[in-house]
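Residue numbers (the numbering used here): 2 to 71.
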């Protein structure tokens, strides 16, 4: 994998606090989702660090949208 491509993919990762801000949730809510095994919002675990892909956050928002938005 090229270094530029790897850097681009890594820049897509956000931590739990950033993900919570994007979703207007508390970081504790995301922690509870992980603890309960809720698979609706995938995450990446690297050691003790938890990261979320921005594309997964966008997909989660799309799947959580009720109605057609019109």
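Just so it is clear, CB atoms sit at the ideal spot from N, CA and C, and this is done for glycine as well.
query: Residue from 55, 65, 67, 66 whose Cα sits closest to the Cα of residue 23; result: 55
query: DSSP three-state assignment for residue 26, whether helix, strand or coil; result: coil
query: Separation of residue 28 from residue 46, as counted between CA atoms; result: 15 Å
query: C-alpha distance - residue 53 paired with residue 69, whole-angstrom precision; result: 26 Å
query: Secondary structure of residue 56, DSSP reduced to three states; result: helix
query: Distance between beta carbons of residue 58 and residue 20, contact taken as under 8 Å; result: 6 Å
query: Contact check, residue 17 vs residue 51, beta carbons under 8 Å; result: yes
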